[in-house]
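Residue numbers (the numbering used here): 189 to 515.
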């Protein structure tokens with residue numbers, strides 16, 4: 189407290205002599221220096237009087253106070269010191285303000301409980317996303333798609349990317365990005381394992397598994413345009429390298445599907461034939477053979493392949509194809 193009193197007295201003396209200089213023949217350099225000294229003393233006083241919680245940055249605080257006081261007239265210094273110190277030490281209490289409490293509303297982006305086996309079909313969810321006027325319903329459709337297989341969920345999520353609501357678009361994008369990230373992480377893992385493996389058949393198996401991951405990027409629609417062509421060609425190359433050492437029937441089926449997507453129909457038919465020769469059941473190969481024959485214009489072969497296929501369950505796409513081709 190003694191330091192504050194001394195600083196106040198010294199500040200007043202400096203201001204007094206500065207005032208005398210102004211009233212007499214003024215020497216503005218001396219006036220400025222005296223006023224600066226007074227401002228420095230009162231900056232110290234102001235910083236000392238303010239509460240401790242405001243003293244987090246001593247240098248910046250004192251500098252601010254000094255510049256503030258320096259820019260004020262002579263008598264304004266005392267007013268600022270008392271006003272600033274009193275305002276910070278004795279803030280006005282808002283006891284008369286009435287606070288009205290409100291219940292927390294149910295926000296539309298809250299996660300909802302959904303069944304592991306959603307009752308909506310893929311067509312029903314698409315209809316909701318296209319025609320439902322309430323954002324909550326469309327959001328529920330996206331949440332339901334998260335519990336479906338990737339092949340069924342991704343078309344729904346891509347449709348949700350066109351929604352007008354930000355929350356729905358962001359949820360769909362984050363879900364799609366998560367699926368793609370998982371596949372890319374597996375691809376990176378298999379690539380590292382391949383570089384460390386040189387013996388067969390381990391290398392061939394790894395190449396086959398990596399080919400399946402590249403194929404999955406295309407099949408799920410996560411790769412489009414030039415990227416789709418690249419991942420398909422990469423998958424074809426890896427699968428061909430794999431079957432040189434590991435004659436896995438599933439890899440030949442994969443090669444057939446890849447060539448079918450690349451419009452390499454004769455090669456696709458050859459690979460599918462090899463798949464049955466190495467033990468793949470006909471029922472897993474005949475649908476793809478029928479598709480290849482259709483694109484090649486071999487309609488009789490297409491009909492024959494579908495006829496050789498066992499009767500499919502009611503309502504399935506293959507059952508509809510069988511009924512169409514056999515009247």
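For every residue, glycine included, the Cβ atom is placed at its ideal position computed from N, Cα and C.
Secondary structure of residue i, DSSP reduced to three states
{"i": "residue 533", "result": "Look at the range of the chain in this structure, 189 to 515, and you will see that residue 533 is not part of it."}
{"i": "residue 498", "result": "coil"}
{"i": "residue 434", "result": "coil"}
{"i": "residue 466", "result": "coil"}
{"i": "residue 319", "result": "helix"}
{"i": "residue 376", "result": "helix"}
{"i": "residue 450", "result": "coil"}
{"i": "residue 194", "result": "helix"}
{"i": "residue 455", "result": "helix"}
{"i": "residue 413", "result": "coil"}
{"i": "residue 238", "result": "coil"}
{"i": "residue 422", "result": "helix"}
{"i": "residue 386", "result": "coil"}
{"i": "residue 307", "result": "Below a pLDDT of 50, predicted positions are generally treated as unreliable, and residue 307, at 47, falls in that range; the measurement from the model is reported next regardless. Three-state DSSP puts residue 307 in coil, outside helix and strand."}
CA nearest to the CA of residue i, picked from the options
{"i": "residue 441", "options": "384, 480, 255 and 492", "result": "480"}
{"i": "residue 475", "options": "509, 222, 503 and 502", "result": "509"}
{"i": "residue 396", "options": "386, 435, 367 and 363", "result": "435"}
{"i": "residue 430", "options": "453, 393 and 452", "result": "393"}
{"i": "residue 326", "options": "224, 349 and 502", "result": "349"}
{"i": "residue 206", "options": "193, 226 and 194", "result": "226"}
{"i": "residue 473", "options": "483, 412, 502 and 461", "result": "461"}
{"i": "residue 490", "options": "339, 449 and 513", "result": "513"}
{"i": "residue 477", "options": "458, 321 and 336", "result": "458"}
{"i": "residue 364", "options": "381, 337, 377 and 379", "result": "337"}
{"i": "residue 502", "options": "496, 511 and 494", "result": "511"}
Alpha helix (DSSP H) segment containing residue i, residue limits
{"i": "residue 470", "result": "470-483"}
{"i": "residue 289", "result": "Looking at the DSSP string, residue 289 is not in any alpha helix (DSSP H), and its letter there is neither H nor E."}
{"i": "residue 393", "result": "390-407"}
{"i": "residue 510", "result": "505-513"}
Proximity below 9 Å, CB of residue i to CB of residue j
{"i": "residue 423", "j": "residue 390", "result": "no"}
{"i": "residue 410", "j": "residue 371", "result": "yes"}
{"i": "residue 342", "j": "residue 367", "result": "yes"}
{"i": "residue 402", "j": "residue 448", "result": "no"}
{"i": "residue 164", "j": "residue 344", "result": "Given that the chain is displayed from residue 189 to residue 515, the structure contains no residue 164 and the question cannot be resolved."}
Those runs of the alpha helix (DSSP H) which lie wholly inside the region 311-369 and span at least 4 residues: Runs found: 323-333 and 338-348.
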